[in-house]
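I have placed the structure first, in the form of structure tokens, so that the comments after it can refer back to it.
Residue numbers (the numbering used here): 20 to 529.
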């Protein structure tokens, strides 16, 4: 009679074992600082097995949450022991329990605040051009948990948010005080509409209305370097009195400060929960030569002793365009969007299937293309030129150079699309919009993916082509210390996406 063979046991590293021992016998909270490819998810889930009590695992997005749920099921860990989901899913569940009644379900409306602001502006048409800025300001206020961690009526807090994120930077003659009062009223109305939620509300509303949460003995937070004030407040609500927080992240992969995440999130969590630090410094994803290259930005990353040597090399664009092996196992990464759009057009002409990661990037470009309601591409180009000149002067004067890079990249990208439309004999704004909708998508796989470094976060490929690194990294607008740190983090993220080969794809000189 054949006996069942046991699965081979994982030989945990000394650092991994130290964390697992802490899960079993340690006290208090912990920051697990893990380099790129350190096997943090595998280590984290092993920690779940060893923890006594109920555990919540908060994943960065739904795709990762679903992956974690599947792995927990294979490990034989059921929902009574551990629940996995996004921060938003835990918040949304609390809202449903608190707000829904028979026949009155919650409805999700991503345009909730926009609808409120539009209705308010019916009687204030002179402020209509500022509608998008007010909507953005309300969203950022929710992410900062205004009304929970500060009074909605405190105008200084609103001004601080507006200035930090340059909410009104693209406008001239902005009545900021008046618009902040408008935003306050929009937030108050939004808070009163409990049965209609937008994405921010899923985290924010259960905090504002003090909803009851099912609490856990241990709350594990993945990608903790990308949290904001509202998410951290919700984490606190999920932990039972005397419970523990395990925050897993990498301060050197903090690249989303411009979206509302706090660049010092790990340190803020450590302060709030009096957490100790434990390291994971060995990368199991990257081969030795790639790790050696990544040490340019993060000196403490190490390759596993059994990792393959791997390849780090150069290649010119002309040779790249002749390749016959560009498929879903490869990706082209770039600091900026414009070079990716230009490259995608060349590849499509050569019948190489590809798409650019990030549907929301395409939507932001569409929004800019339709902003002035012009009829011709010539008029659109004129408006773009004036927009870039005006915004550059304004942002440089306010020492917000990093945002100049974003505006410049958007304008240059649209110029590329306009030129391509003309080459195809197309001359309308609708043609530009259609082109953008075809170029960008979400979760691109099975074909060659082109991605900004920001959008590549959390992903990996056998072969990574880093396009025009010398020409785009670091951004020429990164002049302040925190901006330069973000640029170093971006380059580290790009280098550590490669599992076998990292190619420095340079632009051929004429």
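Note that the Cβ used here is the ideal one computed from N, Cα and C, for glycine as well. Values in this document were obtained by computation on a predicted structure and should not be read as measured data.
Extent of the continuous beta strand (DSSP E) to which residue i belongs
| i | result |
| --- | --- |
| residue 102 | 101–105 |
| residue 332 | 330–335 |
| residue 254 | It is not in any beta strand (DSSP E) - residue 254 instead sits in the alpha helix (DSSP H) that spans 248–257. |
| residue 375 | 373–376 |
| residue 51 | 49–53 |
| residue 240 | 235–240 |
C-alpha gap between residue i and residue j, whole angstroms
| i | j | result |
| --- | --- | --- |
| residue 279 | residue 205 | 19 Å |
| residue 264 | residue 139 | 42 Å |
| residue 363 | residue 375 | 8 Å |
| residue 515 | residue 171 | 42 Å |
| residue 339 | residue 524 | 8 Å |
| residue 387 | residue 407 | 12 Å |
| residue 21 | residue 110 | Since pLDDT at residue 21 reaches only 40, below the 50 mark, its modelled position is unreliable, and no value is offered. |
| residue 383 | residue 450 | 16 Å |
| residue 67 | residue 241 | 13 Å |
| residue 447 | residue 191 | 28 Å |
| residue 526 | residue 400 | 26 Å |
| residue 518 | residue 477 | 13 Å |
| residue 92 | residue 103 | 11 Å |
| residue 497 | residue 422 | 9 Å |
| residue 413 | residue 332 | 41 Å |
| residue 472 | residue 461 | 14 Å |
| residue 33 | residue 45 | 16 Å |
| residue 522 | residue 64 | 33 Å |
| residue 210 | residue 253 | 17 Å |
| residue 168 | residue 500 | 28 Å |
| residue 503 | residue 330 | 28 Å |
For residue i: DSSP bridge partner residues
| i | result |
| --- | --- |
| residue 439 | DSSP, once it has assigned bridges, lists no residue as partnering residue 439. |
| residue 367 | The partner list for residue 367 (beta bridge, DSSP) is empty, contrary to what the question assumes. |
| residue 349 | 482 |
| residue 520 | 330, 482 |
| residue 296 | 50 |
| residue 279 | Paired residues: none, contrary to the question. |
| residue 525 | 335 |
| residue 265 | 49, 239 |
| residue 170 | None; residue 170 has no bridge partner. |
Given residue i as reference, the closest of the options once Cα atoms are compared
| i | options | result |
| --- | --- | --- |
| residue 454 | 434, 467, 74 | 434 |
| residue 218 | 367, 84, 129, 142 | 129 |
| residue 183 | 156, 169, 105 | 156 |
| residue 482 | 346, 287, 106, 442 | 346 |
| residue 509 | 353, 468, 459, 442 | 353 |
| residue 275 | 512, 237, 32, 521 | 512 |
| residue 272 | 307, 297, 320, 258 | 320 |
| residue 535 | 444, 437, 403 | Residue 535 is absent from the model: the chain starts at 20 and stops at 529. |
| residue 149 | 187, 78, 196 | 187 |
| residue 234 | 123, 73, 225 | 73 |
| residue 245 | 270, 237, 256, 261 | 270 |
| residue 505 | 283, 417, 430 | 283 |
| residue 296 | 267, 323, 389 | 267 |
| residue 230 | 83, 114, 463 | 114 |
| residue 81 | 105, 61, 60, 65 | 105 |
| residue 164 | 84, 123, 154, 222 | 222 |
| residue 314 | 484, 300, 256, 127 | 300 |
| residue 250 | 467, 107, 456 | 107 |
| residue 468 | 488, 373, 417, 392 | 373 |
| residue 394 | 344, 452, 470 | 452 |
Chain D contact for residue i (CB, 9 Å cutoff)
| i | result |
| --- | --- |
| residue 490 | Looking for chain D here will not work: only one protein chain is present. |
Boundaries of the alpha helix (DSSP H) in which residue i is found, first to last residue
| i | result |
| --- | --- |
| residue 225 | 220–227 |
| residue 152 | 150–162 |
| residue 410 | 396–416 |
| residue 325 | Note, residue 325: premise wrong, no alpha helix (DSSP H); not H, not E. |
| residue 355 | That residue, residue 355, is in no alpha helix (DSSP H); it is neither H nor E in DSSP. |
| residue 344 | No alpha helix (DSSP H) holds residue 344; DSSP gives it neither H nor E. |
| residue 176 | 174–183 |
| residue 33 | 33–44 |
| residue 30 | Element bounds for residue 30: n/a, residue is neither H nor E. |
| residue 419 | Looking at the DSSP string, residue 419 is not in any alpha helix (DSSP H), and its letter there is neither H nor E. |
| residue 199 | 195–211 |
| residue 312 | 307–313 |
Where are the beta strand (DSSP E) runs, 3 residues long or more, that stay fully inside the stretch 446–517, in chain order? 467–471, 480–486
Length-filtered (4 minimum) alpha helix (DSSP H) runs lying within the stretch 66–130: 81–93, 106–118
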